[in-house]
Amino acid sequence: NAGVTQTPKFQVLKTGQSMTLQCAQDMNHNSMYWYRQDPGMGLRLIYYSASEGTTDKGEVPNGYNVSRLNKREFSLRLESAAPSQTSVYFCASSELGSSYGYTFGSGTRLTVV
Amino acid sequence: GENVEQHPSTLSVQEGDSAVIKCTYSDSASNYFPWYKQELGKGPQLIIDIRSNVGEKKDQRIAVTLNKTAKHFSLHITETQPEDSAVYFCAASRAALIFGKGTTLSVSS
Numbered sequence: 017n018a019g020v021t022q023t024p025k026f027q028v029l030k031t032g033q034s035m036t037l038q039c040a041q042d043m044n045h046n047s048m049y050w051y052r053q054d055p056g057m058g059l060r061l062i063y064y065s066a067s068e069g070t071t072d073k074g075e076v077p078n079g080y081n082v083s084r085l086n087k088r089e090f091s092l093r094l095e096s097a098a099p100s101q102t103s104v105y106f107c108a109s110s111e112l113g114s115s116y117g118y119t120f121g122s123g124t125r126l127t128v129v
Numbered sequence: 004g005e006n007v008e009q010h011p012s013t014l015s016v017q018e019g020d021s022a023v024i025k026c027t028y029s030d031s032a033s034n035y036f037p038w039y040k041q042e043l044g045k046g047p048q049l050i051i052d053i054r055s056n057v058g059e060k061k062d063q064r065i066a067v068t069l070n071k072t073a074k075h076f077s078l079h080i081t082e083t084q085p086e087d088s089a090v091y092f093c094a095a096s097r098a099a100l101i102f103g104k105g106t107t108l109s110v111s112s
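Line by line, the protein sequences give chains A and B.
Here my numbering is used: the first residue of the first sequence is 17, the next is one more, and so on.
Here my numbering is used: the first residue of the second sequence is 4, the next is one more, and so on.
What follows is the structure, given as structure tokens:
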């Protein structure tokens, strides 16, 4: 099925560990995004990539890095995980930037202990 | 940067009633205003959107209105059904979508 695929779906990390969240889309979309969702806080933008080869910071970029590996894939890396990064992470993509509806993945639930 | 405020945070209605969720935004350059529905354990799904050159858009029981002068937009759901129960998010866009904090809608039968 066409859409946005995120891996893994669940992950538990110890404080200080690193990991990479993977996201891939098969809709030939140009733009991709990473959000985190916390109770009562809505969806907050971490980083986005308007097109292949570009990345920009969002509302809450500290503690994260991203890589737009190719047009299909956009990864999010936590270099040294902290309990404050416990959250549900959503990847999204859109056809031509922010003026079109996003398609979201099903999310990665990350717990940092 | 853009800031989006959404009200109310929770909304309870009886089946068949109407529900209204309101959002305000700060960046006058924002030109795209979508609404998303999120069910438990799933990613948000686009339900309706409106662009800055349009004042109102309707899709069956769902409508969105936009007032660019006042920088606010609203979601209207008529004849609510239990399956409308979910969390609804508004968003505003310039470079990337900035979301409101969400409204938990509960429709009781």
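All residues carry an ideal CB built from backbone N, CA and C; glycine is no exception.
To the nearest angstrom, how far is it from the Cα of alanine 22(B) to the Cα of threonine 36(A)? Using only the alpha carbons, I get a separation of about 40 Å.
Give, in chain order, every residue of the stretch 73-107 of chain B whose Cβ lies closer than 7 Å to some Cβ of chain A. Within the stretch 73-107 of chain B, the residues whose Cβ lies closer than 7 Å to any Cβ of chain A are, in chain order, Phe92, Ser96, Arg97, Ala98, Ala99, Leu100, Ile101, Phe102, Gly103, Lys104 and Gly105.
Which residues in the same chain as histidine 10(B) place their Cβ atom closer than 7 Å to its Cβ, once the five residues preceding and following it in sequence are excluded? Contacts found: Lys25.
In the DSSP assignment, what are the bridge partners of glutamate 59(B)? Residue pairing by DSSP places glutamate 59(B) opposite Thr68(B) in a beta bridge.
Starting from the beta carbon of tyrosine 64(A), find every residue of chain B whose beta carbon is closer than 7 Å, and list them in chain order. Tyrosine 64(A) reaches chain B at Ala99, counting residues in chain order whose Cβ is nearer than 7 Å.
Contained beta strand (DSSP E) runs [length at least 3] in the stretch 44-120 of chain A, N- to C-terminal order: Every unbroken stretch of the beta strand (DSSP E) spanning 3 or more residues and falling wholly within the stretch 44-120 of chain A is given here in chain order: 47-54, 58-65, 80-84, 90-94 and 103-110.
Take leucine 61(A) as the anchor and find which of Leu94(A), Gly79(A), Ser96(A) and Trp50(A) has the nearest alpha-carbon. Out of Leu94(A), Gly79(A), Ser96(A) and Trp50(A), Trp50(A) has the C-alpha closest to the C-alpha of leucine 61(A).
Can you find a CB in chain A that lies within less than 9 Å of the CB of tyrosine 35(B)? Under the Cβ criterion of 9 Å, tyrosine 35(B) is counted among the residues facing chain A.
Compute the Euclidean distance between the alpha carbons of isoleucine 53(B) and alanine 66(B), then round it to the nearest angstrom. Linking isoleucine 53(B) to alanine 66(B) through their CA atoms gives a straight-line distance of about 10 Å.
If the cut-off is 9 Å on Cβ atoms, which residues from the stretch 45-57 of chain B count as contacting chain C, listed in chain order? The chain inventory of the structure shown lacks chain C, comprising the protein chains A and B.
Nearest-angstrom beta carbon gap, serine 12(B) and threonine 106(B) [assumed within contact, 8 Å]: About 6 Å separates the two Cβ atoms, so the contact holds.
Could you check which residue in Asn78(A), Gly56(A), Arg88(A) and Val76(A) has the C-alpha nearest to that of serine 110(A)? Comparing Cα positions, the closest option is Arg88(A).
Write down the C-beta distance between glycine 32(A) and threonine 119(A) rounded to the nearest angstrom, noting that I regard them as a contact closer than 8 Å. That pair is no contact at about 34 Å.
Tell me, please, whether the CB atom of tyrosine 39(B) is closer than 9 Å to any CB atom in chain A? Any Cβ of chain A closer than 9 Å to the Cβ of tyrosine 39(B) would place that residue at the interface, and such an atom is present.
For alanine 95(B), the residue or residues it bridges with in DSSP: Listed as beta-bridge partners of alanine 95(B) by DSSP are Ile101(B).
Tell me, please, whether the CB atom of aspartate 72(A) is closer than 9 Å to any CB atom in chain B? Aspartate 72(A) belongs to the set of residues whose beta carbon lies under 9 Å from a beta carbon in chain B.
Quick check: is the beta carbon of phenylalanine 26(A) nearer than 9 Å to any beta carbon in chain B? Not closer than 9 Å to any Cβ of chain B, the Cβ of phenylalanine 26(A) fails to qualify, so no.
Between which two residues does the beta strand (DSSP E) holding leucine 113(B) run? With chain B covering 4 to 112 only, the question about residue 113(B) has no answer from this structure.
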